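Chemist:
In the UniProt record's numbering, the protein residues as written are 1 to 279.
Given below as structure tokens:
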């Protein structure tokens with residue numbers, strides 16, 4: 001009887017309103033279509049520089065980016081390319097950054113036996129476990145011996161060498177995999193990932209201070225928008241306000257809470273930094 005009673009009182013999260021009424025959406029929500037090739041080219045001048053950057057970010061925020069041009073637009077959103085750069089300057093940058101990436105990798109491969117043991121214990125062991133189970137249902141990473149999985153592995157190992165203060169934390173493979181699948185080039189993906197980690201607090205390593213900062217924002221939003229739920233968390237004491245149920249949301253940017261297409265649409269909206277310096 002106790003078990004039956006528990007089942008009846010158990011509540012689960014469910015999507016109550018999959019589509020909001022227009023009265024609850026932004027008035028400009030339906031004014032922007034997805035950024036396609038033609039719209040993207042209209043934002044580029046003869047030199048390849050992005051013009052009307054604010055309008056572009058606004059369009060991306062409300063409409064998203066067509067899959068066919070994500071690999072070209074994402075490097076701008078992740079600040080690998082500057083909007084002022086010309087096509088020629090971007091190509092020169094790619095050559096320079098490819099050389100820098102090779103130097104970072106060479107530094108990793110040239111570790112002393114003792115350095116390598118420490119690196120394997122602190123970084124490589126976890127990376128090797130994570131990459132083989134990241135996005136394997138995606139055609140880009142599917143199958144045994146897939147070279148794209150090895151590319152993801154190298155990017156993460158090299159990032160740990162490039163930024164030893166952060167190193168590698170579980171979940172980073174979930175963040176870099178979609179970028180690699182869209183940008184395709186290993187070096188370009190690495191520098192996009194560097195930009196992602198440097199230029200937003202929506203994505204960060206799960207260090208205590210980073211997570212606490214994001215939880216602070218979330219608690220305040222709940223206090224303002226869902227008073228009853230916030231009061232319920234307060235009544236549970238410190239454990240309730242730790243909000244363990246949403247840690248994965250923050251660490252992986254809702255990637256596992258939504259279908260991939262919708263999750264990447266959320267990422268683009270955040271990366272657009274529309275009316276925000278950071279997200």
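Using N, Cα and C, we set each Cβ at its ideal position, and we do this for glycine too. This structure is a prediction, so every number in the text was calculated from the model and none was measured.
Roughly how many angstroms lie between the CA atoms of residue 169 and residue 175, to the nearest whole one?
Modeler: Approximately 11 angstroms, taken between the alpha carbons.
Chemist: Report yes or no: do the segment 153 to 161 and the segment 100 to 110 share at least 3 C-beta pairs separated by less than 8 angstroms?
Modeler: Flag = yes, the segment 153 to 161 and the segment 100 to 110 touch.
Chemist: Identify which residue in 263, 217, 69 and 171 has its Cα closest to the Cα of residue 197.
Modeler: Residue 197 has its Cα closest to that of 171, out of 263, 217, 69 and 171.
Chemist: Can you give the Cα-Cα distance for residue 139 and residue 60, rounded to whole angstroms?
Modeler: If I take the Cα positions, the gap works out to 26 angstroms.
Chemist: Hey, residue 80 and residue 188 are a contact pair by Cβ (cut 8 angstroms); roughly how many whole angstroms apart?
Modeler: Sure, about 7 angstroms apart at Cβ, within 8 angstroms.
Chemist: What's the gap between the Cα of residue 202 and the Cα of residue 91?
Modeler: Here residue 202 scores only 48 on pLDDT, less than 50, and its place in the model should not be relied on; the value that follows carries that caveat. Between residue 202 and residue 91, the C-alpha separation is close to 29 angstroms.
Chemist: Closest to residue 254 by CA distance: which of 268, 228 and 149 is it?
Modeler: Here the closest residue by C-alpha is 268.
Chemist: Residue 221 and residue 230 - do their beta-carbons sit closer together than 7 angstroms?
Modeler: It is not a contact, given that the beta carbons lie outside the stated cut-off.
Chemist: With DSSP collapsed to three states, give me the class of residue 65.
Modeler: Of the three classes helix, strand and coil, the one that applies to residue 65 here is strand, per DSSP.
Chemist: Give the single residue among 39, 45, 51 and 62 whose Cα lies nearest to the Cα of residue 29.
Modeler: Considering only alpha carbons, the answer is 62.
Chemist: Between which two residues does the alpha helix (DSSP H) containing residue 99 stretch?
Modeler: Residue 99 -> alpha helix (DSSP H) spans 87 to 109.
Chemist: Based on Cα-Cα distance, which residue from 67, 233 and 151 lies nearest to residue 262?
Modeler: Among 67, 233 and 151, the Cα nearest to that of residue 262 belongs to 67.
Chemist: For residue 132, does the three-state DSSP call read helix, strand or coil?
Modeler: Residue state, collapsed to three classes: coil.
Chemist: For residue 104 versus residue 161, is the C-beta distance shorter than 7 angstroms?
Modeler: Going by C-beta atoms, residue 104 is nearer than 7 angstroms to residue 161.
Chemist: Alpha carbons only, please: which of 37, 74, 53 and 118 is nearest the one belonging to residue 264?
Modeler: For the residues 37, 74, 53 and 118, the minimum Cα distance to residue 264 belongs to 74.
Chemist: Let's see if you can read the secondary structure: which residues bound the alpha helix (DSSP H) around residue 40?
Modeler: It spans 37 to 42 - the alpha helix (DSSP H) in which residue 40 sits, taken as one unbroken run.
Chemist: For a quick check, are the C-beta atoms of residue 34 and residue 274 less than 7 angstroms apart?
Modeler: Contact flag unset, no.
Chemist: Which residues does DSSP list as the beta-bridge partners of residue 50?
Modeler: The partner list for residue 50 (beta bridge, DSSP) reads 44.
Chemist: So, with DSSP's three-state summary, where would you put residue 170?
Modeler: DSSP places residue 170 in coil when its eight states are reduced to three.
Chemist: Nearest-angstrom Cα distance between residue 132 and residue 227?
Modeler: Answer to the nearest angstrom: the Cα atoms are 42 angstroms apart.
Chemist: For the alpha helix (DSSP H) that contains residue 264, what are its first and last residues?
Modeler: Per DSSP, residue 264 belongs to the alpha helix (DSSP H) from 260 to 271.
Chemist: I need the DSSP call for residue 32, collapsed to helix, strand or coil.
Modeler: Coil.
Chemist: Using the three-state DSSP reduction, which class does residue 254 fall into: helix, strand or coil?
Modeler: Here residue 254 sits in coil by DSSP.
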